[in-house]
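Residue numbers (the working numbering): 556 to 747. In this text, a Cβ means the ideal position worked out from N, Cα and C, and glycines have one as well. A quick write-up on the structure given underneath.
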């Protein structure tokens, strides 16, 4: 069985490589705005993940499992994606200072043999310490977190602001690999 990751995320690629999965990357060109943001977060991310995996799977040969994923941050019932610019990143990080938020990821796997698609989600609570405006500015300027939901990477310097998490660390990085492994094993009888 061949594997394809339907994501350009370097973090997702790195996580899959760390568990020894051999895969190709085929980036999905779906219109993410076609999924309404007013859905519950766990449904929203699964819908996006399924949209990505099914779109990519439709153009690939049989014998391939396509992995789609999407991650958002949820703070005060608002879905927060990637920041548009410095001010947006600053606003996001300021809102996390001294409080907690959730990171929600949807994962989807589509088999090109029959287009069978299964999905699941993972939710992790993240608690941040207080951050000064100077610390936030310094982080944004040094690490340019514009490609990350919530404007931070827990695996980078931003980890110094994380007091604790409740849930899957890898979910916060961008791909809940334990959940993905269980999905592959249960639904497709695949052990990586």
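Margin query: Applying the 10 Å Cβ sphere with the 16-neighbour rule, what's the burial state of residue 612?
Written below: Translated into the one-based positions of the chain shown, residue 612 becomes position 57. Buried.
Next item on the list: Go through the segment 693-734 residue by residue and report every complete run of the alpha helix (DSSP H) that reaches 4 residues or more, in order.
Entry: Runs of the alpha helix (DSSP H) inside the segment 693-734: 724-728.
Note to self: For residue 749, list the residues DSSP reports as bridge partners.
What the structure shows: No answer is possible for residue 749: the residues shown for the chain start at 556 and end at 747.
Note to self: Does residue 578 come out as helix, strand or coil in the three-state DSSP assignment?
What the structure shows: Position 23 of the chain shown holds residue 578. DSSP places residue 578 in the coil class of the three-state scheme, outside both helix and strand.
Check: For the putative contact between residue 607 and residue 580, defined by C-beta atoms under 8 Å, what is the C-beta separation to the nearest angstrom?
Finding: By 1-based counting over the chain shown, the position of residue 607 is 52. By 1-based counting over the chain shown, the position of residue 580 is 25. Contact flag wrong, Cβ pair sits at about 12 Å.
Next item on the list: Compare the C-alpha of residue 577 against each of 557, 567, 593 and name the closest.
Entry: As a first step, residue 577 must be located in the chain shown, where it is residue number 22. Per the Cα distances, 557.
Check: Using CA coordinates, which residue listed in 668, 569, 641, 630 is at the minimum distance from residue 652?
Finding: Counted from its first residue, the chain shown places residue 652 at position 97. Out of 668, 569, 641, 630, 630 has the C-alpha closest to the C-alpha of residue 652.
Check: Cα-Cα, which of 667, 664, 654 is closest to residue 685?
Finding: In the chain shown, the residue the question calls residue 685 occupies position 130. The residue from 667, 664, 654 with its alpha-carbon nearest to that of residue 685 is 654.
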